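Some notes on the structure that comes next.
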Amino acid sequence: MAEHNAAPAAYAKPLPRITPDNRPFWEAARRHELHLPHCADCARAFWPPGPVCPWCFEENLSWRALSGRGVISSWVLFHRAWFPSFAGDIPYAVVQVELEEGPRLTSGTLNLPHDRLAVGLPVEVAFDDVTPAITLPKFRARRN
Amino acid sequence: MPARERRAALRDRTAIVGVGASVFGRGLPQSQLQLGLRAFKAALDDAGLRREDVDGLAINLGWPLGTDYDRVAETFGLDIRYANQTWTHGRFVTLALQHAALAVHAGLAECVACLTACSFTQEKDLLGGPHDIEGMREEGGTHGENPVYGQTSPSGGAALAFSRYMARYGATGDQLAAVPMALRRHAALNPAAIMREPLTLEAYRASRWVIQPLRIYDYCLVSDGACCVLVTSVERARDLAQRPVLLSGMQGIRSGRGEFIFGPPGLGINQQPESARTPLAADLGVYEMAGIDRAAVDAFYTYDAFSPLVLFALERFGFCGPGEAAAWVQGGRIGPGGELPVNTSGGLLSEAHVSGWNSIVELVRQLRGACGPRQVSDAHVMQWGTPWGDSVLFHN
Ligand SMILES: [Zn+2]
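The listed protein sequences correspond, in order, to chains L and P. Quick note, the first sequence lines up with residues 1472 to 1615 if you use our numbering. Quick note, the second sequence lines up with residues 6 to 401 if you use our numbering.
The structure is reproduced here in structure tokens:
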């Protein structure tokens, strides 16, 4: 079990929709691991999750741990709180991260000052335990 | 018959014979059906047709924003034998027009009414935040929404795309400002436009961020209004009140891992492979089908919900190269009297957000020569082409 620092009742932001397609992603995140579907035939990870490899159309799939490293491929700063639960975070960053293994994820940042946001910035995954059941993978600047 | 010949057989076989619009405004009290009725009756009057002449509907409204085709048919007392239902997204404008033309050409309908009606000021909760149910899809909504991380509103996808575009090509916010400024200059010549006062670069620079790198002037209006476009066969069109505007060429929406709805192919948003992708012949079938060269296009119309989309559409159809549009739109090139006027009614940025149909109505009026002070001189060919790659080429 992961440790949970946040008070569960206090978390008012939207939570992921868990489906048969994405359940392993969220189960791994809860263990503080970043897993993506991987095709045994063409040896590539892909996203979003689904029942078939989008490149070779084969179904020899498994979920595998990724390095968790990547670079910011795009970023934005929200200055408007469409979600009242994000109002206290304004302005907040949303990033797309291109993982070393290829796929890009939309995510948030942890301890990443806004003046460091840049396309190409090396980042690594970090985990934010937001409720007892849900951990959100986010990204912070790489330390090396 | 090869596809190329089948396409050629459809060239200039259908026409827009009537256009109509409701009043455009913000906070209008009318329902979508009330606005839609004004547009529908105006289009019938414009064409010299009666309600009984319309036997097809291509509906670009409805869930999650209102009523469906059957409610429209029931309410207006129509007898419909062909219907195509889409809902309120700009991505479905071309699709509705194309279905109308295809149904007429195939003989499934004689005259198809394309109808949209928007009540965005009443329904703005659907455009981002907790009530945007479309944006709540797992692994991201239709414009790249991901509410878990606060990525919401269709504009979030345009912001992600433009942020990457800036980094890749060195485009600047000042360059982007040329888009809303040009469209505002068009709108100043259009009495129906909601926003007509001049927009200066200084005002643009001083305006607030919404989702950085987008400022408030990069956003379409949140407005209300309806448009209707009547499509019939070219034979029928010859007997009607207006000079027909022919549907000469078309190409469909593109979709796949290389596509992101609010970014050009090759940009590298979501799972797009990164490249500096110049459109190939296979990406430009609209010109080949019409037998009309891109250089003959007198004005270009696109879905300008957010100003970067204009840049992406221009690159998509090869008016300039990948990464070049931000520089290309400078110097009045897309404004009134420019080399390629874009969205001459003021578009969604300055006229009204009628899902893009206000631009279809506008280009039809332009091709009739009926646009008064904003008339594009000697206009024969106009193109509707979207950032997601579909298009219709019209000529008079
Ligand atoms: Zn594969």
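Ideal Cβ positions, reconstructed from N, Cα and C, are used throughout, including at glycine. From a predicted model like this one, the values you see are computed outputs, not experimental measurements.
Checklist line | Partner residues on chain P for W1546/L, Cβ-Cβ distance less than 7 Å | finding: In the first sequence, the residue the question calls residue 1546/L occupies position 75. Within 7 Å Cβ-Cβ: S168.
Margin query: So within the stretch 19-48 of chain P, which uninterrupted beta strand (DSSP E) runs reach at least 3 residues, ignoring any that extend past its ends?
Written below: DSSP runs (the beta strand (DSSP E)) wholly in the stretch 19-48 of chain P: 19-26.
Check: For R321/P, which three-state DSSP category applies?
Finding: Here residue 321/P refers to the residue found at position 316 when the second sequence is read from its first residue. Helix.
Note to self: Taking 8 Å as the limit between beta carbons, can you name the residues of its chain near A384/P, skipping five residues before and five after?
What the structure shows: Indexing the second sequence from 1 puts residue 384/P at position 379. Hits under 8 Å: D303, A304, Q371, L372, G374, N401.
Check: For a contact meaning CB atoms closer than 9 Å, what does P135/P contact in chain L?
Finding: For the purposes of this step, residue 135/P is taken as the residue at position 130 of the second sequence. For P135/P, the chain L residues whose Cβ falls inside 9 Å of its Cβ are P1485, W1553, F1554, P1555, S1556, in order along the chain.
Next item on the list: Could you give the DSSP three-state label for S158/P: helix, strand or coil?
Entry: One-based indexing of the second sequence puts residue 158/P at position 153. Of the three classes helix, strand and coil, the one that applies to S158/P here is coil, per DSSP.
Next item on the list: Could you list the residues in the stretch 142-170 of chain P with a C-beta less than 8 Å from some C-beta on chain L, going in chain order?
Entry: So the list reads R142, E143, E144, G145, G149, N151, P152, V153, Y154, G155, Q156, T157, S158, G161, A164, L165, A166, S168, R169, given in the order they occur along the chain.
Check: Skipping 5 residues on each side, what residues in its chain have a beta carbon closer than 8 Å to that of H136/P?
Finding: Position 131 of the second sequence, counted from the start, is the residue given in the question as residue 136/P. D130, listed in sequence order.
Note to self: Could you check whether Y87/P and D58/P sit closer than 9 Å to each other, using their CB atoms as the reference points?
What the structure shows: The count along the second sequence starts at 1 and reaches residue 58/P at position 53. The count along the second sequence starts at 1 and reaches residue 87/P at position 82. No, they are not a contact pair.
Margin query: Counting beta carbon pairs with one atom in the stretch 1494-1505 of chain L and one in the stretch 1601-1610 of chain L, are three or more of them shorter than 8 Å?
Written below: Touching, per the Cβ criterion.
Next item on the list: Could you give the DSSP three-state label for G82/P: helix, strand or coil?
Entry: Here residue 82/P is taken as the residue at index 77 of the second sequence, counted from 1. In this structure, G82/P counts as coil in the three-state DSSP scheme.
Notebook entry, point to check: When you compare only the Cα positions, how much space is there between P1487/L and I274/P?
Noted result: Within the first sequence, the letter at position 16 stands for residue 1487/L. Within the second sequence, the letter at position 269 stands for residue 274/P. Across the structure, P1487/L and I274/P are spaced so that their CA atoms are roughly 21 Å apart.
Margin query: Any residue with its C-beta under 6 Å from a non-hydrogen atom of ligand 1 counts. Can you list them all in chain order?
Written below: Selection output, chain order preserved: C1510/L, D1512/L, C1513/L, C1524/L, W1526/L, C1527/L, E1529/L.
Notebook entry, point to check: Are there three or more Cβ pairs, one per stretch, closer than 8 Å when the stretch 14-28 of chain P is compared with the stretch 1575-1591 of chain L?
Noted result: Pairwise C-beta distances place the stretch 14-28 of chain P out of contact with the stretch 1575-1591 of chain L, as fewer than three of them are shorter than 8 Å.
Check: Using a C-beta cutoff of 9 Å, does P1574/L count as contacting chain P?
Finding: Counting from one through the first sequence, the residue named residue 1574/L turns up at place 103. Taking Cβ atoms only, chain P reaches closer than 9 Å to P1574/L, which makes this a yes.
Check: Should M6/P go down as buried or exposed, given a rule of 16 or more other Cβ atoms within 10 Å for buried?
Finding: As a first step, residue 6/P must be located in the second sequence, where it is residue number 1. It counts as exposed.
Next item on the list: Kindly indicate if chain P contains any beta-carbon less than 9 Å away from that of Y1482/L.
Entry: Here the question's residue 1482/L lines up with position 11 in the first sequence. Y1482/L does not count as touching chain P.
Check: Going along the chain, which unbroken runs of the alpha helix (DSSP H) with 4 or more residues stay wholly within the stretch 239-286 of chain P?
Finding: For the stretch 239-286 of chain P, whole alpha helix (DSSP H) runs of length 4 or above, ordered along the chain, are 239-242.
Next item on the list: Give the residues of chain P in contact with N1493/L, contact being defined as C-beta atoms less than 8 Å apart.
Entry: The residue labelled residue 1493/L in the question sits at position 22 within the first sequence. At a beta-carbon threshold of 8 Å, the residues of chain P lying near N1493/L are E143, E144, ordered along the chain.
Checklist line | Strand pairing of C233/P, partner residues [DSSP] | finding: By one-based count along the second sequence, residue 233/P stands at place 228. The partner list for C233/P (beta bridge, DSSP) reads G25/P, L120/P.
Item checked: Continuous alpha helix (DSSP H) stretch holding W1497/L: start and end -> In the first sequence, counting from the first residue as 1, residue 1497/L sits at position 26. W1497/L -> alpha helix (DSSP H) spans 1494-1501.
Check: Which class does P185/P belong to by DSSP, given the choice of helix, strand or coil?
Finding: By one-based count along the second sequence, residue 185/P stands at place 180. DSSP places P185/P in helix when its eight states are reduced to three.
Note to self: Taking the beta strand (DSSP E) that H1585/L belongs to, which residues open and close that run?
What the structure shows: On the first sequence, position 114 is the one that residue 1585/L refers to. From DSSP, H1585/L is part of no beta strand (DSSP E); its letter is neither H nor E.
Check: Given that H1503/L touches chain P, what residues does it touch there, using C-beta distances under 8 Å?
Finding: Within the first sequence, residue 1503/L is the residue found at index 32, counting from 1. What H1503/L touches in chain P, judged by beta-carbon distance under 8 Å, is nothing: the nearest beta carbon there is about 17 Å away.
Note to self: Just checking: is the beta-carbon of R259/P within a distance shorter than 9 Å of some beta-carbon in chain L?
What the structure shows: The residue given as residue 259/P occupies position 254 in the second sequence. So, not an interface residue.
Next item on the list: Figure out for me which residue from L206/P, S36/P, T283/P has the closest Cα to the Cα of G336/P.
Entry: Along the second sequence, one-based indexing puts residue 336/P at 331. That would be L206/P, whose Cα lies nearest to the Cα of G336/P.
Check: Does the beta-carbon distance from G254/P to V215/P come in below 9 Å?
Finding: On the second sequence, residue 254/P is found 249 positions in, with the first residue counted as 1. On the second sequence, residue 215/P is found 210 positions in, with the first residue counted as 1. No, they are not a contact pair.
Check: Nearest-angstrom Cα distance between L83/P and A118/P?
Finding: Counted from its first residue, the second sequence places residue 83/P at position 78. Counted from its first residue, the second sequence places residue 118/P at position 113. If I take the Cα positions, the gap works out to 11 Å.
Check: Does any C-beta atom of chain L lie closer than 9 Å to the C-beta of G178/P?
Finding: The sequence position of residue 178/P within the second sequence is 173, counting from 1. So, not an interface residue.
Check: Candidates R56/P, R96/P, D244/P: which alpha carbon is nearest W393/P's?
Finding: Looking up residue 393/P in the second sequence gives position 388. Distance check between W393/P and each of R56/P, R96/P, D244/P places R96/P closest, using alpha-carbon atoms only.
Check: Enumerated in chain order, which unbroken segments of the beta strand (DSSP E) with a length of 3 residues or greater are wholly contained in the stretch 287-375 of chain P?
Finding: Here the runs fully enclosed are 304-306.
Note to self: With a threshold of 9 Å between beta carbons, is I266/P in contact with chain L?
What the structure shows: Numbered from 1 along the second sequence, position 261 holds the residue referred to as residue 266/P. Chain L, which has no Cβ nearer than 9 Å to the Cβ of I266/P, makes this no.
Margin query: What does the alpha-carbon distance come out to for the pair K1484/L and E128/P?
Written below: Indexing the first sequence from 1 puts residue 1484/L at position 13. Indexing the second sequence from 1 puts residue 128/P at position 123. Between the alpha carbons of K1484/L and E128/P lies a gap of roughly 22 Å.
Next item on the list: Give the secondary structure of H1506/L by DSSP, where H, G and I count as helix, E and B as strand, and everything else as coil.
Entry: The residue labelled residue 1506/L in the question sits at position 35 within the first sequence. H1506/L: strand per DSSP, three-state reduction.
Item checked: Under 9 Å between C-beta atoms of V359/P and I297/P -> The sequence position of residue 359/P within the second sequence is 354, counting from 1. The sequence position of residue 297/P within the second sequence is 292, counting from 1. In this structure, V359/P keeps its C-beta atom at 9 Å or more from the C-beta atom of I297/P.
Margin query: If we define contact as Cβ-Cβ less than 9 Å, is H1506/L a contact residue for chain P?
Written below: Here residue 1506/L is taken as the residue at index 35 of the first sequence, counted from 1. No, no contact with chain P.
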